[in-house]
Each structure stands twice: as C-alpha cells, then as structure tokens.
Amino acid sequence: MNPENLTVLEKKQFAKLNKKLRHETGKAIIDYNMIEDGDRVMVCLSGGADSYTMLDILIQLQAAAPISFDIIAVNLDQKQPGFPEDILPRYLENLGIEYKIVQKDTYSIVKDKIPEGKTTCSLCSRLRRGILYNAAVELRATKLALGHHADDIVETLFLNMFFGAKMKTMPPKLISDDKRNIVIRPLAYCREADIKAYSAFKAFPIIPCNLCGSQENLQRQAVKKMLAQWDETNPGRVNNCFNSIRNIVPSHLADLKAFDFVNMDLERADELTEFDTAFDNEIDVIPTAQSKSGVENFDPTEMVTIVEL
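Here you go:
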C-alpha cells in the first residue's frame, strides 16, 4: 500500500494512526527522558516494521521537537544468505539522513556454534547487541534506540515469570551491560498491531528476519499466542499487563530486596502507601451478581493456564 495511492477514508485512517503513534512515542520519550537537547541518537534499523516505524516517527518528532537532536540510522549486515544489501542504503539515501551499514559476519559464527535445527536467535542477538554497542561508541552516539514495543515488553515479562522465575522485562530505558551506552525504546507505549498497520500504510521495504532459516524461540511463540488470544477474547488485558509494570507496589509483592518486610512494624505504617487490600477493586477482577456481566457469566477458563505453555 503506497501512501500516495490511498483513498480519502484510508488517508483519514492513516492520519489518525500516525497521530496516535507520534503521541505514544513522544509521551514515552518525555516520561523516561529518553532524548535530550544535543543528543546524537543511533537508530538501529533491522529492516523490519518496528525499526522502520521507529525511524519514521523519530524523524517526524525531530522536526517538531522544542529540542535539537541528531539521528544516525545504523544497520548491521550479518552476512546472512540472501540478505538484500541494496535495500536499506537506497531507502536511507532517499530519506536524506545520515546512516552507516556495519558489516560483520555473525552468520558463520552462529552456524559454527549452534547445532543444525536449533534456534540461533539467542546467540545471534547477543552478538548483534555487542556489535551495535561498539558502533554506538565509534559513532559518538549518546543514545542507542531499539524498536521494541509494548507487546515485546509484556511477552518478555511473562517469559521471565514462566521460565525464569523473575519479574523483569525490557525497560524503556537502561544502561547497557557494557556500561558505555544508554539504550532507549521509544516505541515502548506502542502496540504491535498499530505498528504493523502503519508499516503497511507506508509500504516500507521490509527485510525478513528469518533469512538464516532459524525460527523464533518456541517459548516466545507460546507467550505471543497467549497474548493474541487475550486481545481477541479480553480486549484491554494486555494493556493492563503493560500498565501494571509501571505501577509496582513493592509492599504487596514478596521480594525481600525490594521491600523491608523483616523490619516492618506499626511504627513505620505511615511510610506505606498500600495496606491490606489484595485487589484494589475486587468487582473488576471477578464479576459479582451486582455487576453488569453478572457472576453467572464469569468463565474461569479465561484464566491463565501456564501448563499449556
């Protein structure tokens, strides 16, 4: 779909979607102070819908922002068979922005280390991350922008809970593990469905991420499927999951490092912001006979079944 060939209705839909993504991206940037005056932002461009959308929205915000910051787009050519080397340079030259193509043969390394038939994504992503961190330093970038969105963040939350016994996920902003870079995720508030729709409107020249032949981690596939089902049967649930990680109450969890349960006493009660209420509003958790839907409509099968993962 080419934006120039849209119908009047499609143009209205595109304008509405563009406004939404700009608002959500701008809000995330402001909330987490992702981009500051004078920053040089390295936008990691993979050739997928997420990174194309991130670059496109950041360029729009750059033109309208009350601060001044530079953008440099960086793509890592990992020498995967069939990788179309001409697509991104041509696209970026047409945009007229600064860019760099980093060439590193990580494909051979991954194929040498990972047995045939096994998922290579984990090692590939670690190698890619290290190369991009080095590139950010070499290019004097003050921020390194990745295209992860709200769905990625919620998926990672459940992956860590189900398979790692940790409540952690991808934060909107962090210091890299090499302590040389500040990593930001400007699309943290954006939903994947909106990004895909925007990408279709813009007709970005998408490069598939499975040129190596590897498939996505089966555990992530299972969690992604679970969230998709929630979106279909319980609209708003995934958004609530995302919002919950922005609204943590340490005294109502069980992490001894996050809250001092050991020394809790009545003399410190004034320091607490939450007291003995398991649910803020139980009527919203399980419908009652007085609620609109009624308890007779409550379906326990809609609860999470971890064993299916």
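The sequence shown begins at 11 in the numbering used here and counts up one residue at a time.
Backbone N, C-alpha and C fix where the C-beta goes; we use that ideal spot for every residue, glycine too.
Note that this is a predicted model, so its numbers are computed, not measured.
For residue i versus residue j, is the C-beta spacing smaller than 8 Å?
| i | j | result |
| --- | --- | --- |
| K123 | L133 | yes |
| A175 | C54 | no |
| F79 | D49 | yes |
| I194 | K183 | yes |
| Q113 | D96 | no |
| I107 | A74 | no |
| V51 | A151 | yes |
| L98 | G157 | no |
| L169 | V272 | no |
| T129 | N227 | yes |
| Q229 | F173 | yes |
| N85 | I111 | yes |
| I255 | L149 | no |
Mind checking who residue i pairs with in its DSSP beta bridge?
| i | result |
| --- | --- |
| V112 | L86 |
| D80 | R50 |
| I185 | I192 |
| A155 | V53, I194 |
Using 8 Å for Cβ pairs, my map puts residue i next to residue j. What's the rounded Cβ distance?
| i | j | result |
| --- | --- | --- |
| F252 | A145 | Not really, about 30 Å apart at Cβ, beyond 8 Å. |
| E46 | I77 | 7 Å |
| R32 | Q72 | Not quite, the Cβ-Cβ distance comes to about 11 Å (not below 8 Å), so this is no contact. |
| D162 | M180 | 6 Å |
Please classify residue i as buried or exposed, where buried requires at least 16 neighbouring CB atoms within 10 angstroms.
| i | result |
| --- | --- |
| V295 | Residue placement at V295 cannot be trusted, given a pLDDT of 45 that sits under 50; what the coordinates show is reported in the next sentence. Flag for V295 reads exposed. |
| T298 | Reliability of the predicted coordinates at T298 is poor, the pLDDT of 36 falling under 50, and the value obtained from them is presented with this limitation in mind. T298 should be labelled exposed. |
| P218 | exposed |
| E165 | buried |
| I185 | exposed |
| A264 | exposed |
| Q90 | buried |
| K26 | exposed |
| K22 | exposed |
| D188 | exposed |
| N191 | buried |
| L102 | buried |
| I81 | buried |
| D41 | exposed |
| E202 | buried |
| I293 | Because I293 sits at a pLDDT of 41, beneath the cut-off of 50, its placement in the model cannot be relied upon, and the following sentence gives the value as read from the coordinates. It is exposed - the Cβ of I293 has fewer than 16 other Cβ atoms within 10 Å. |
| K153 | buried |
| H279 | First, the residue type needs correcting, since residue 279 is Ala and not His in the sequence shown. A279 should be labelled exposed. |
| L276 | exposed |
| D270 | exposed |
| A59 | buried |
| M44 | buried |
| M236 | buried |
I'd like to know if the region 251-269 and the region 210-221 are in contact, where contact means that at least 3 CB-CB pairs between them fall below 8 Å. no
Taking one C-beta from the region 137-144 and one from the region 25-37 each time, how about it: are there three or more such pairs within less than 8 Å? no
Could you say if the region 195-206 and the region 59-66 meet the contact criterion of at least three C-beta pairs nearer than 8 Å? yes
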